[in-house]
Amino acid sequence: MSLFWRIFGLNAVVLGTATALLLLAPVTVSVPVVLTEAVILVCGLIVMLVANAALLRWGLSPLERVTRLMTTVDLLRPGQRIAADLGQGGEVAELTRTFNAMLDRLESERAASSARVLMAQEAERRRIAHELHDEVGQSMTAILLALERVADESDEPLHGELRQIQEITRASLDEVRRLVRRLRPGVLDDLGLVSALTSLTNDFATHAGLRVRRRIDADLPALDRETELVLYRVAQESLTNVARHADATHVEVSLRRAGDTVELAVADDGRGTAATCEGAGIRGMRERALLIGATFDIAPAPAPGAGTRVRLTVPVTRKPS
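In the working numbering, the protein residues as written are 7 to 327.
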């Protein structure tokens, strides 16, 4: 039944009931109208309006559910759909099907565009890391060697000053190398995900001054390069958020196999994160999760007062034996 005929039918029921009561009930209207008759008519009108409002709310409830989901849907949380039976036929059912089809299309287009953006981002990171390593890194290494040679041939107090400049240059070179590793983790390409996460957590513990505990299963399945990169980037962004916002003292990074999935979890003992305060970092992790069909969630850690836990669950396709 269309929405028009549904509303028409509800109003017809109300008006038909009122007409039947007037015909069958022993009620008359005098001229002029008596006060008692006026009160009865007003009360009857109020009853009709209340009944009509209640029936219309019931009849339009499927449309309200559709509009409510329209205002809350988030493309970074895919799978939100309206049940087909809520429409009950007519325009509402057509609106439901159209809205669900629109969500399918938008999620597909969002995933494709996010994949292109992330690929371009990784390519740009790779280019910048390459230039830092080959140009800036080599130039600073040459300067460091030149300073060392000049310092060996000079006398005090110039010798001591050159040694100080040499240490500053060496520290700057180490910082450039650390930036290169953050931009493009070479150990991930060369030695795999486990070694990359080990290097990442060690570097994080050194520079952030936090205690980091690793739990990595030994029987992890083989993952493709794109999945490994997403897992690494989510761990990297999670640790960065801990250092910037969590005010924590301890972080646990775990990577384990759970049935047909691989689960990465980063939990801290900090002050926690409000569910409504999702910045660019968290939304970026959600987009990376969508890129590989993974499930991403961020919530309070299981233990009371234990901060925040970020979890990425990646489905693993079983290879036929």
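For each residue, glycine too, the CB sits at the ideal point set by N, CA and C. Note that this is a predicted model, so its numbers are computed, not measured.
Spatial distance of residue i from residue j (CA atoms)
i, j, result
"Leu-151", "Gln-144", "11 Å"
"Val-123", "Leu-16", "52 Å"
"Ile-222", "Leu-229", "15 Å"
"Arg-188", "Ile-149", "24 Å"
"Val-193", "Thr-204", "10 Å"
"Val-45", "Ile-13", "29 Å"
"Ile-134", "Asp-195", "17 Å"
"Pro-84", "Phe-105", "14 Å"
"Arg-317", "Glu-243", "12 Å"
"Phe-302", "Met-54", "51 Å"
"Val-56", "Leu-62", "10 Å"
"Val-240", "Arg-116", "19 Å"
"Ala-60", "Leu-69", "15 Å"
"Leu-197", "Ala-224", "15 Å"
"Arg-169", "Ala-177", "12 Å"
Residue(s) in a DSSP beta bridge with residue i
i, result
"Arg-262", "Glu-269"
"Val-322", "BP columns for Val-322 are empty, so no partner."
"Gly-301", "Here residue 301 is Thr; the residue named in the question, Gly, does not match the sequence. Partner(s): Thr-319."
"Val-257", "Val-218 and Asp-274"
"Pro-306", "Thr-314"
Where residue i sits in the DSSP three-state scheme
i, result
"Ile-222", "strand"
"Asp-230", "coil"
"Thr-282", "Caution applies to Thr-282, whose pLDDT of 45 falls short of 50 and renders its modelled position unreliable; the value that the coordinates give is listed next. Note: Thr-282 maps to coil in three-state DSSP."
"Gly-166", "helix"
"Ala-190", "According to the sequence as given, residue 190 is Arg; it is not Ala. If DSSP states are grouped into helix, strand and coil, Arg-190 belongs with coil."
"Arg-83", "coil"
"Ser-119", "helix"
"Asp-209", "helix"
"Ala-89", "coil"
"Gly-50", "helix"
"Val-240", "helix"
"Gly-15", "helix"
"Val-40", "coil"
"Asp-158", "helix"
"Gly-22", "helix"
"Pro-198", "According to the sequence shown, residue 198 is Gly rather than Pro. Three-state DSSP puts Gly-198 in coil, outside helix and strand."
Residue i burial status per 10 Å Cβ neighbour count (16 or more: buried)
i, result
"Asn-4", "Since the first residue shown for the chain is 7 and the last is 327, residue 4 is missing from the structure and cannot be characterised."
"Glu-181", "exposed"
"Glu-167", "exposed"
"Gly-285", "exposed"
"Met-146", "buried"
"Ala-202", "buried"
"Leu-237", "buried"
"Glu-293", "buried"
"Met-291", "buried"
"Leu-164", "exposed"
"Leu-153", "buried"
"Leu-109", "buried"
"Thr-77", "exposed"
"Thr-255", "exposed"
"Arg-190", "buried"
"Glu-137", "exposed"
"Glu-258", "buried"
When the options are compared against residue i, the one with the closest alpha-carbon
i, options, result
"Val-200", "Val-56, Arg-294, Arg-111 and Arg-262", "Arg-262"
"Glu-234", "Ile-298, Gly-313, Glu-130 and Phe-105", "Ile-298"
"Arg-231", "Glu-128, Ala-59, Ala-286 and His-136", "Glu-128"
"Asp-275", "Val-48, Ala-300 and Pro-306", "Pro-306"
"Phe-210", "Leu-245, Glu-159 and Arg-169", "Leu-245"
"Ala-271", "Thr-314, Glu-293 and Arg-294", "Thr-314"
"Arg-250", "Pro-191, Asp-110, Arg-220 and His-213", "His-213"
"Ala-252", "Gly-278, Ile-171 and Asn-58", "Gly-278"
"Val-72", "Arg-103, Pro-227, Asn-58 and Thr-42", "Arg-103"
Residue i: CB within 7 Å of a non-hydrogen atom of the ligand SAM
i, result
"Gly-278", "As for the ligand SAM, it is missing from this structure, which has no ligand bound."
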